[in-house]
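Comments concern the structure below.
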């Protein structure tokens, strides 16, 4: 029995579509993994703000301690 060229053409088109869908799914999976990786490395605003508050608090504490020491004694 001879193979029908139309059946063969549709089979090839179907396998090509299947291959395209697999490639697209693979790309989507890679994009999702990349997005998850970026989430882990995103800028941590809370930590940055807390660090700024800590630095400002330390500077304020140093200023207050320097004021408690009084003016320096200058030699005449």
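Residue numbers (the working numbering): 1456 to 1531. Every residue, glycine too, gets a C-beta built ideally from N, C-alpha and C.
Q: Have a look at residue 1469 and residue 1496 and give me their C-alpha separation to the nearest angstrom.
A: Taking the straight line from one Cα to the other gives about 41 Å.
Q) Does DSSP classify residue 1459 as helix, strand or coil? A) Coil, per DSSP.
Q) Would DSSP call residue 1525 helix, strand or coil? A) Residue state, collapsed to three classes: coil.
Q) How long is the line joining the alpha carbons of residue 1484 and residue 1473, rounded to whole angstroms? A) In a straight line, the C-alpha of residue 1484 is about 16 Å away from that of residue 1473.
Q. Which class does residue 1465 belong to by DSSP, given the choice of helix, strand or coil?
A. Residue state, collapsed to three classes: helix.
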